[in-house]
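These notes concern the structure reproduced below.
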Amino acid sequence: MTQDLRLAVAAELERARARTALLTDAVDDADLVRQHSPLMSPLVWDLAHVGNQEELWLVRDVGGREPVRRDIDELYDAFKHPRRDRPTLPLLGPAEARRYVATVRDKVLDVLDHARLEGQPLLDRGFAFGMIVQHEQQHDETMLATHQLRSGAPVLAAPAPPAAAAPVTGEVLIPGGPFTMGTSTEAWALDNERPAHQVDVPAFFIDRAAVTNGQYAAFIDAGGYDDPRWWSPAGWQRRQSAGLAGPRHWQRDGDGWAATTFGRTARVVEDAPVVHVSYYEAEAYAAWAGKRLPTEAEWEKAARHDPATGRSRRYPWGDDPPGSQHANLGQQHLQPAAAGAYPEGVSPYGVHQLIGDVWEWTSTDFHGYPGFAAFPYREYSEVFFGPDYKVLRGGSFGTDRSACRGTFRNWDYPIRRQIFSGFRCARTA
Ligand code: AVJ
Ligand code: FE
Numbered sequence: 002m003t004q005d006l007r008l009a010v011a012a013e014l015e016r017a018r019a020r021t022a023l024l025t026d027a028v029d030d031a032d033l034v035r036q037h038s039p040l041m042s043p044l045v046w047d048l049a050h051v052g053n054q055e056e057l058w059l060v061r062d063v064g065g066r067e068p069v070r071r072d073i074d075e076l077y078d079a080f081k082h083p084r085r086d087r088p089t090l091p092l093l094g095p096a097e098a099r100r101y102v103a104t105v106r107d108k109v110l111d112v113l114d115h116a117r118l119e120g121q122p123l124l125d126r127g128f129a130f131g132m133i134v135q136h137e138q139q140h141d142e143t144m145l146a147t148h149q150l151r152s153g154a155p156v157l158a159a160p161a162p163p164a165a166a167a168p169v170t171g172e173v174l175i176p177g178g179p180f181t182m183g184t185s186t187e188a189w190a191l192d193n194e195r196p197a198h199q200v201d202v203p204a205f206f207i208d209r210a211a212v213t214n215g216q217y218a219a220f221i222d223a224g225g226y227d228d229p230r231w232w233s234p235a236g237w238q239r240r241q242s243a244g245l246a247g248p249r250h251w252q253r254d255g256d257g258w259a260a261t262t263f264g265r266t267a268r269v270v271e272d273a274p275v276v277h278v279s280y281y282e283a284e285a286y287a288a289w290a291g292k293r294l295p296t297e298a299e300w301e302k303a304a305r306h307d308p309a310t311g312r313s314r315r316y317p318w319g320d321d322p323p324g325s326q327h328a329n330l331g332q333q334h335l336q337p338a339a340a341g342a343y344p345e346g347v348s349p350y351g352v353h354q355l356i357g358d359v360w361e362w363t364s365t366d367f368h369g370y371p372g373f374a375a376f377p378y379r380e381y382s383e384v385f386f387g388p389d390y391k392v393l394r395g396g397s398f399g400t401d402r403s404a405c406r407g408t409f410r411n412w413d414y415p416i417r418r419q420i421f422s423g424f425r426c427a428r429t430a
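To convert, take the position in the sequence shown, counting from 1, and add 1; that gives the working numbering.
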């Protein structure tokens, strides 16, 4: 049993590292140390930061081993230096960073061989290793977002996602009543997903698919960006000060729209989810459509609640881990898939593509659930709780399956759109 777990952990560590290598080997050294946007770190910072977190938690804390590079802890502490300042730091260069992460990984595989993966909460069912796997995968998504902000010739390529099996439109009614939100049993769930608790959700309608490029273009063409009626006061202020006129990366193309994706410009796909919109834009679209954004509890009930059994599933399709038939995850396609492309991923209520494709904005501020306890460090979640951040759910095409669950919670500022963010609409029944 623990031998199986050890092998599974090692495979997940390896899979994360392969993705990190792909994203960092795709560009030359000059590109690795360059800052492609003030919102992002140089890729070489993410690389060494991933290794440093792995060293802190697995080499030193779990393994009780001597530090590899205690002298660099400060450089890679995300709270010591905001992203915009990171290019001016005396960072490890590309070759040094690669050597560092490889040295740390060698030690970690040795620690894994000897660790007891039970007993204390930090090690129970391999949690600390799972946390570090997810951390690397989260940074791999961040690095993918950096790639999207990079200018120059394309360096990443992937096959197109599957087409829609049948078009998915309209909404479903989710009857009122309690459901179980969050988890107390998922082995690698992070602190903010815990504990499981009952939430009574009044009846509501939710869209079966995320808002598509075609639908969003109709909002723009109807003058949606010029009518303060649809925008919240904060959203309108942002729309004005940032001069917003459409999703990030969109440009006019005749009477339609094109978008530049990882260096390639093409017409936007009508029936694929819109991506790179802020919370404020999502909120304005929903108001224009006579709807609203779902609350986080509504989103999770639509995704996990099984009315036949009364229990909450790990994923919309059941308890099996995500496969390529269920959801567009893991940077396999590098773009969201059309509504209806993953019929095997549908939820019990008939809602599609809740997992994968695009992160979905919810109307809920990021807070701890009742009974929340910071674990294993306050800086993962707790320091972000409060009204400044909105919760996003479901993961995107850039999110790995190890960093995405029915209970997984992401968060960002409502003005942000460099992430792979979209949304679906809801309304009160
Ligand atoms: C959960 C995506 C908001 O990138 O800020 C990475 C994940 N935390 N390193 C982030 C994270 C520490 C986090 N998000
Ligand atoms: Fe980090």
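Glycine is no exception: its CB is placed at the ideal position from the N, C-alpha and C atoms.
Please determine if the stretch 393-404 and the stretch 252-266 are in contact, where contact requires at least 3 C-beta pairs separated by less than 8 Å.
no
Since Val212 contacts Pro274 with CB under 8 Å, what's their CB separation in whole angstroms?
7 Å
So, under 8 Å CB-CB, Gly346 and Gln354 are touching, yes? Tell me the CB distance rounded to an integer number of Å.
6 Å
Anticipated Cβ contact below 8 Å, Ile175 with Leu59, distance rounded
Actually they are not in contact, since the Cβ atoms of Ile175 and Leu59 sit about 41 Å apart, beyond 8 Å.
Taking 7 Å as the cut-off, is the beta-carbon of Thr143 closer than that to any non-hydrogen atom of ligand 1?
yes
Can you tell me whether Gly369 is helix, strand or coil according to DSSP?
coil
Quick one: is the Cβ of Trp189 within less than 7 Å of any heavy atom of ligand 1?
no
Inter-stretch contact at 8 Å, needing at least 3 Cβ pairs: the stretch 315-328 / the stretch 202-217:
no
Would you kindly work out how many angstroms separate the C-alpha atoms of Ser422 and Trp231, rounded to a whole number?
20 Å
Check whether the stretch 85-98 touches the stretch 43-58, counting contact only when three or more Cβ pairs, one atom from each stretch, lie closer than 8 Å.
yes
Roughly how many angstroms separate the alpha carbons of Val359 and Gln336, rounded to a whole number?
Going by C-alpha positions, Val359 is about 9 Å away from Gln336.
Cβ-heavy atom distance, Asn411 to ligand 1, below 7 Å:
yes
What is the C-beta distance between Ala210 and Thr170, in whole angstroms, given that I count them as a contact (C-beta under 8 Å)?
The pair is a contact, with the Cβ atoms about 7 Å apart (cut-off 8 Å).
DSSP state of Trp300, grouped into three classes?
helix
Alpha carbon to alpha carbon, how far is Ala9 from Thr3? Give it in angstroms, no decimals.
10 Å
DSSP has Ile175 in a bridge; who is on the other side?
Phe205
Buried or exposed: where does Ala339 fall if 16 or more other Cβ atoms within 10 Å of its Cβ makes it buried?
Counting other Cβ atoms within 10 Å of its Cβ, Ala339 reaches 16 or more and is therefore classed as buried.
Helix, strand or coil for Leu316, going by three-state DSSP, please let me know.
Rather than Leu, the amino acid found at residue 316 in this sequence is Tyr. Note: Tyr316 maps to strand in three-state DSSP.
Where are the beta strand (DSSP E) runs, 3 residues long or more, that stay fully inside the stretch 321-401, in chain order?
Entirely contained in the stretch 321-401, the beta strand (DSSP E) runs reaching 3 residues are, in chain order, 360-367 and 387-394.
Check each residue's C-beta against every heavy atom of ligand 2 and list, in chain order, those closer than 7 Å.
Selection output, chain order preserved: His50, Gln54, Ala79, His136, Gln139 and His140.
Going by C-alpha distance, which of Ala165, Ala243, His50 and Thr261 is nearest Ala154?
Thr261
Nearest to Gly52 by CA position, among Asp30, Glu301 and Asp78, is which residue?
Asp78
Check whether chain B comes within 8 Å of Leu245, counting only Cβ atoms and requiring the distance to be less than that.
Reference to chain B is not applicable here, since this structure consists of a single protein chain.
Terminal residues of the alpha helix (DSSP H) in which Gly257 lies:
Where Gly257 is concerned, there is no enclosing alpha helix (DSSP H), although the beta strand (DSSP E) it sits in stretches over Gly257 to Thr262.
Beta-carbon within less than 6 Å of Ala246's beta-carbon, same chain only, minus the 5 sequence neighbours each way: which residues are those?
Hits under 6 Å: Tyr226.
So Leu150 and His37 are in contact, right, with Cβ under 8 Å, and what is the actual spacing, rounded?
5 Å
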